[in-house]
Each structure stands twice: as structure tokens, then as C-alpha cells.
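Reading through the C-alpha cells given below for one structure.
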Amino acid sequence: MKKIILALCFLQWISTEAGFAQTNVSKTEEINIPLSELKIKMVSIPEGTFLMGSNSSTKPNEKPAKTVKLSAFWMGACEITHDQFDVFFKDDNTSQGSKVDAVTRPTAQYIDLSWDMGKGGGFPVNSMSVDAAMMFCRWMYQNTGVFYRLPTEAEWEYACRAGSKTNYFFGNDPALLGQYAWYKANSKEKYQRVGTKKPNAWGLYDMLGNVAEWTMDQYAPDYLKQITDGQLDPTNPPAARYPRSIRGGSYLDMATDLRVYTRKFSEPLWNQRDPQIPKSRWWLTDGMFAGFRIVRPVNQPTAEEVEKFYKLYLGK
Amino acid sequence: MPFSGKSRRNFVKQTGIISGGVLAAPLITNANFHSGASDEIKVALIGCGGRGTGAAVQALLSKQNVKLVAMADAFRDRLDDAYKSITGDLTEAGIAGDIKKLIDVPEERKFVGFDGYKNAIALADVVILTTPPGFRPIHFEEAVKQGKHIFMEKPVATDPEGVKRVLVAAAEAKTKKLNVVVGLQRHYQNSYRELFKRKDMIGDITSAQAWWNNDGVWVKPRTTGQTEMEYQMRNWYYFNWLCGDHINEQHIHNLDVINWFKGGYPVKAQGLGGREVRKGKDHGEIFDHHFVEFTYADGSILNSQCRHIPKTSAKVDELFIGTKGKIYCGAANIRDHQGNVMYQFDKKTENNGYQNEHVELFAAIAKGEYKFADAENGAKSTMTSILGRMATYSGQVVEWDKALNCGLNLQPAAYTWDTLPKSLPDADGKYKVAVPGVTRFY
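The listed protein sequences correspond, in order, to chains A and B. So for the first sequence, the working numbering puts the first residue at 84; every next one is plus one. So for the second sequence, the working numbering puts the first residue at 1105; every next one is plus one.
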């Protein structure tokens, strides 16, 4: 059965992605979410080199374009859904909102932060902070021994482009965007079930639009200036909660904000209606468009490296 | 330094520069005990939890000449945490500028214990009352007695006797022209205000629905060495004298919106509720779900549901059904009965009600205007919640007037660490929980 699924994925890739420069064939596999019957479909992203950013952009934060080299990794075919996230969020074996435990679940939401856009049945999970997204990865690691994390900005753009060099991964014509993305023009201001539009050449769905996707990087306006040409696996480790890099635009954005090189960042306004001080570490009262997908590096780090990584990103 | 009498606010008062029916508020009081500018509005924070700390910061961000001069809390550690938060790095909370210069709370103006509020109130022009709601009636009474402007969080009481005390003090506040804002922040939120203006588009409101369904809140387990009073104070959400049950502490927001749009309060309620999941030792005496049918004087019905049960569907919203259409508060639109949108609020123009309630309050105070008298509605919307609780606890039809005047007082005999609250654990550490059909409504 699994072979058939793989074969089908391959055929789909052949049929929809002809014409794109390609260094490798996308493979997919399904990983189990611990304590559940649910799975996450992962797509293999080949190692390779691409031009990050755009020299023709009018926005200074999107240039100069730099050649970036990336190691191979696996990436979730879809944004993580409420169903998938809830296995972690409602795992009674894990503490909740602990200031002591390394792995802890987000606290309860004060109000319903899906804002009635849909939860069960494949809607993307939303309104979470980058910490909550990364903690999901860490919980996966704790329960499977396999290291997951959020993508770096460079990994995200590389995966989104999937070999393309155009404004969108399907070309330059925004009129085609509706075939590939939920965005302002077709979303009715609600996120939609994941994986219901066409994927990109590597079989990744909703890279543009639907929920915006957290990366693990601190956002720096001049990040492309900082990157050196040919740099391998660039990343910008976090120093502050804001601003963090979030990519792909969302169901609320216009086509001009859904280009593959569009760079967005978080700001405190995304939690302005949290009436408490300190504000929630986990949830955004005004960031209903924020979501994420996970990646798994092919070269898995050692256990010590993993702990060091999570400590850097999650504080302990 | 005594109040100089030369402030801009004083000038407004004396010369009667009042427009649009706005009345002049009394002078900023004689709280200018030290060398602040006479225009400075001095603020005291009573209740230093997460919400109180947030409210204090919102007051400091009200863009008026505000200074936090005193803090009070029953617990030293909560006061210290709050002080550390507001004088620390607030960039993560989105506070761009430095608000440290707006904070002047030396050790002698930090008041710890049950009685510190009196001293803190005396030092301020405006007080922020954000303790657990059981204390609100005595704190509000004291603030009114001392002639202060007031921001107080919802709900404003936990029992009918408390509601009555707030109503009496609310009348006195009106006489004294003290601005009172209650933290039912939907009243200060653009979308709700715009919907309210257009409520006649749906004709007569014949029924309404209100929801606060979600996972519930924190628990503070008992620790060794605590007196019963300290334990209940720490774990206050689960004790009715402090919290009033979640139908009061959270669902009041939704019930209040219905009252607001209806222009009145229910005359009776009946409902059902219980605790299905949240019934451990540290879950005190409150229910984890309530469903209440409130009836208004014109016969219209409010169906209200609130649930604190993890892994169930979540919804926090209000809906009005009228003769000509429906108002969807969360979606911020008005539709006819065919579903056609008759009005859609532009969500890009939404504001932060929590911040705006302070912006408007402090602007009025700075101008010497008397604009806000929220306490009476706050008390009656609190009573609405309590009425619902009495209905679900008893399983009876409970009438407003009887409930309000039943004499129920949940407060302990005294507020000291050694006083025993009225609700006490049995040998297994469990508290007595209401049983419909057995428990009397009061």
C-alpha cells in the first residue's frame, strides 16, 4: 500500500511539474504523530543551490538576491492542522504552561482563537506564537527521537520556489494564484482546509497563502545583505521575541504580498489584545493568520546538539 | 506639596468649559502629596495579578499625564512580580517607549495584606481595582467614599449582597461625579459600538444567544503551610466568594452584551449545569458548565452557555435574532433572515477595547469631564451572571427581584489569613458542590 502511495505521489509530481529545473525527485513519506492515529505527510527536499531574494524587488528587505546552498531536508507537505496540533496541545501526559519543564504544552486559550474559521477536519492551526510552534516540534522529538524544527527562512524560500526563479513558484502571472493559494481574493477572509489547492513542483501545498508560516529565524531587514554568496544553510538565531520571520503570506494578503521572496515579520501588535502582563508566551490575540509547517533535517544532529538547539530557541 | 488649584483640569471645572452635555468632574483630589506637577494624574493599582498589571500599563499608556504612585495586593510576591514586570523590559509586550518614568512606587507606597487598599486609594486620583471580584464591593465603596475616579474590572461582585453594595456606591459616585469605567471592554470596542448603533436593522430583538465555551483556566494546587484562607486566595477561581463561578467571571462579558443591546436586564432565569470533568481536589466548588435560559421583561429569551471543559469545541460570541435579521457580534456583521449581509463592520478599523477604555477614561479625567458611570450596569450585568448561577445551582426558576434581595452573602466573617471562609473542605479535601433540586437558590 505504501508503495502505491509513493508511486501516486511521484506520478502527480510528473504530471503537474513538468518544465521546472529539477535536481532530484520528490519522495514523500508519512510520519506518525505520537499518541494518535494521525500522520504528517513529509516531502523530501533535495540539497541544492538557489537564488534567495529578488534583485528586481522594490522592497529593500528582499534584496540583493544571494546564492544560497542548502542541505537536504524533509518538509511537511501541508501546514500543521488543528487536529494534528491538538494531539500535542491536549496531551495530558505533558505539563501545561510550565516554567520549569523543557517540554510543556501551551496554556488554554482565553477565548477561541480560531475565530470560528474551522478547527477539526483539516483546517490549519493558527494564532500560535513561534514558541508554541517550536514546542510542537520538540514534543515530536521527545516522543519519537527524531529531530523536528521549523524551517529557516532560506529553507522555506528554497522549498517554496521548488526550482522556480519567478515571482510565484508557477510563474509571474498573479492571475493564476487562485489555483495555488488561498489569499485575499478567494479566501472570504478565512483560512481553508490545507492541501485543497495545487501544490508546487516539489509537492508542497499552501506555501503561499492560507496561514502564514513561522520560520525559526529572527527577522533582520538586511538579512540578504548579511548572507554571503554561496553560504551553506544560513540562519539567523533568535535574540528577541520580536521580530521573527514568517513567510508565505496568508489568506488575508493580496497577491503582491504572496511572492516567493516576500518577507514578513512578527510584531507585538499581534498580541495587543492580550489584557495581561506578561502577555501569553503561547498565543496571539491578533495573529489569527499565523501557522507553521515542520521540517526534519536529513542529517540529524546528535542528542547534545538537539538539546542545545531547543534551549537556544525555547529558553531551556 | 498641596494641590495648587492651577491645573488645567481645575481651570476647566471652574470656568465651566463643557461641551456636548459633558459634565464637569470634581477636582483631581488632594492626592498631590509630593512634588509631581499639579496636572499629574496619580494612579493606584489595587490587585497586582496579570490582569491588574496589564490594566496599570494600559493606564500608563493612556497618553495623559499619568503616574503610578501606589500598589496594593494581599500577597507580597504578586506585588513584587507586578512591579518587576512594569519596571522591566516591556518591549515584548509591545510597549515601545519607556514607561519607567511614569512609575514612582517606592517601598513605602507598596501595601501588602488585606487592608492596604485603603492607604493606596488615599494616595491616588484614579484607582484601578483588579483583585478577584469578591473584594470589588468593599474596594469600590472605599474608592467612592474617598472621592476617586475608578477603573474596575468585571465582575463587580460575587453575591447579591455585594451587588447591592456596588449599586449603592454607584449612586454615590454619580452624585460625586466620579468617572467609573468597568472592564466590560466590548463597550469600548469599535465593532460592538458600530453594531449597537445599527441594532434596529434587525427590528425587535426576540431572542439572543451567548457563548463562552473553552478549556478553562489555571489551577493553583494547595501547598504545605497555607492556611485555608491563603489557599483559597491563591486558587481563587474555584471559590464562589472570590470568583462567583465562571458564569460570573468570564461569561459576564457575553451576558452584558445582550443586556446592553436589549436595554435591560432579565426578569428571571432557569437553567442546568454541573461539573462533569473538573472535579478534583483543587477545583473547589464551581461548576464546569452552565446553560441558562434568561427571560427579559418583554418575553424575549437569552440562551446562554458557558463551559470549561478541555477538548470540547470552543466558542466565545454573541448572536441576536430579531424580527428582521440577525446580529453576529464575533463576525461583526448584520444579516437578514436569508443570510444577506446588510452591514459588515470593517475589521481594519477595530481597536483594542482594553486599551481604549483607559484612553477614554483618562482623557475625560484630564479634561475635567464627567463622562463615565459604568458601575450600575456593571453591577446589574454581574447580577445577571449570579442569577444564572443561582438557577443552575438550584434547578429552579429564579426571579431577579427575589434573587437580588435574598440576602445571600458569601463573604467570610473577616478578611484575615486565619479566618475560615464559609466553604471548607471535607475529610477528603473536597468542597461541597451545588446539587440541582437540593441546593436552594440562595
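From the three backbone atoms N, C-alpha and C, an ideal C-beta is built for every residue, glycine too.
Exercise for the section: Rounded to whole angstroms, what's the CA-CA distance from G1499/B to E1397/B? Just pull it up for me. Expected result: 12 Å
Handout entry: Start-to-end residues for the beta strand (DSSP E) that takes in M135/A
Key = G131 to M135
Problem - For V1420/B, the nearest candidate out of S210/A, E388/A, Q192/A and F133/A (CA to CA) - result: Q192/A
Exercise for the section: Could you work out which residue in T150/A, P317/A, E130/A and A185/A is closest to G136/A when comparing CA atoms only? Expected result: T150/A
Practice task
Starting from the beta carbon of K173/A, find every residue of chain B whose beta carbon is closer than 7 Å, and list them in chain order.
Solution key: P1414 and K1415
Practice task
Measuring alpha carbon to alpha carbon, tell me which of G286/A, M299/A and P257/A ends up nearest F348/A.
Solution key: M299/A
Handout entry: Those runs of the alpha helix (DSSP H) which lie wholly inside the segment 229-282 of chain A and span at least 4 residues
Key = 236-244 and 260-263
Exercise for the section: Using the Cα positions of G1250/B and V1272/B, report the straight-line distance between them to the nearest angstrom. Expected result: Checking the displayed sequence, the identity of residue 1250/B turns out to be Gln instead of Gly. Their Cα atoms are separated by approximately 15 Å.
Exercise for the section: Can you grab the Cα-Cα spacing for the pair N382/A / A155/A, in whole Å? Expected result: 8 Å
Problem - Nearest-angstrom Cβ-Cβ length linking F230/A and V126/A, presumed shorter than 8 Å - result: With 8 Å as the limit, F230/A and V126/A do not qualify as a contact, their Cβ atoms being about 17 Å apart.
Practice task
Find the nearest neighbour of Y274/A within the set E350/A, S139/A, Y393/A and H165/A, judged by alpha-carbon distance.
Solution key: H165/A
Practice task
Establish whether the CB of D199/A and some CB of chain B are separated by less than 8 Å.
Solution key: yes
Problem - Under the three-state DSSP convention, the category G102/A falls into - result: Per-residue confidence for G102/A stands at a pLDDT of 39, beneath the threshold of 50, marking its modelled position as unreliable; the derived number appears in the next sentence. Residue state, collapsed to three classes: coil.
Problem - Length at least 4, wholly inside the segment 109-165 of chain A: the alpha helix (DSSP H) runs in chain order - result: none
Exercise for the section: For my contact list, L1512/B and P1236/B are in at a C-beta cut-off of 8 Å; report their separation, rounded to the angstrom. Expected result: About 18 Å separates the two Cβ atoms, so there is no contact after all.
Exercise for the section: Count the CB pairs spanning the segment 224-242 of chain A and the segment 309-319 of chain A that are closer than 8 Å, and state whether there are at least three. Expected result: yes
Practice task
Return no unless some Cβ of chain A is closer than 8 Å to the Cβ of R1155/B.
Solution key: yes
Practice task
Please confirm if the segment 1422-1436 of chain B is in contact with the segment 1295-1314 of chain B, defined as three or more CB-CB distances below 8 Å between the two stretches.
Solution key: yes
Handout entry: S119/A to V213/A span [Cα, whole Å]
Key = 24 Å
Exercise for the section: For E1461/B, count neighbouring C-beta atoms within 10 Å of its own C-beta (all shown protein chains included) and say buried if the count is 16 or more, exposed if not. Expected result: buried
Handout entry: the segment 1432-1452 of chain B / the segment 1231-1246 of chain B touching (three or more Cβ pairs under 8 Å)
Key = no
Problem - Residue nearest to W285/A in terms of C-alpha spacing, selected from L291/A, E272/A and A245/A - result: A245/A
Exercise for the section: Compute the Euclidean distance between the alpha carbons of A258/A and N269/A, then round it to the nearest angstrom. Expected result: 12 Å
Practice task
Can you tell me the Cβ-Cβ gap for R330/A and R356/A, rounded? I've got them flagged as a contact below 8 Å.
Solution key: Not confirmed; about 24 Å, so no contact.
Handout entry: Residues bridged to A1178/B [DSSP beta-bridge criterion]
Key = Its beta-bridge partners do not exist; DSSP assigns none.
Handout entry: Environment of H1138/B [buried if 16+ CB atoms lie within 10 Å]
Key = At H1138/B, the pLDDT of 43 sits below 50, so the modelled position is not reliable; the number obtained from the coordinates is stated separately. Flag for H1138/B reads exposed.
Practice task
Go ahead and pull the three-state DSSP assignment for F1255/B.
Solution key: strand
Problem - Contacts around G1378/B, its chain only, beta-carbon distance under 7 Å, and the 5 residues preceding and following it disregarded - result: F1391 and H1393
Practice task
Enumerate in chain order the residues of its own chain whose CB-to-CB distance from E296/A is below 7 Å, with the five nearest sequence positions on each side excluded.
Solution key: E162, W239, I329, R330, G331, G374, F375 and R376
Handout entry: With 16 other Cβ atoms within 10 Å as the buried cut-off, status of V1571/B
Key = Nothing can be reported for residue 1571/B: it is not among the residues displayed for chain B, which extend from 1105 to 1546.
Problem - Contact under 8 Å by Cβ, G292/A with L341/A - result: yes
Problem - Unbroken stretches of the alpha helix (DSSP H), 4 residues or longer, contained in the segment 1206-1230 of chain B - result: 1220-1226
Handout entry: Any C-beta of chain A under 8 Å from that of E1196/B
Key = yes
Practice task
Check the Cβ-Cβ distances between G1348/B and every residue of chain A, and say whether any is below 8 Å.
Solution key: no
Handout entry: Among I194/A, Y224/A and Q225/A, the one whose alpha carbon lies nearest that of S210/A
Key = I194/A
Practice task
Could you name the residues of the same chain whose beta carbon sits closer than 8 Å to that of V1260/B, not counting the 5 residues immediately before and after it, in chain order?
Solution key: P1237, R1240, P1241, F1244, G1266, V1267, V1270, V1286, A1479, G1482, A1483 and T1486
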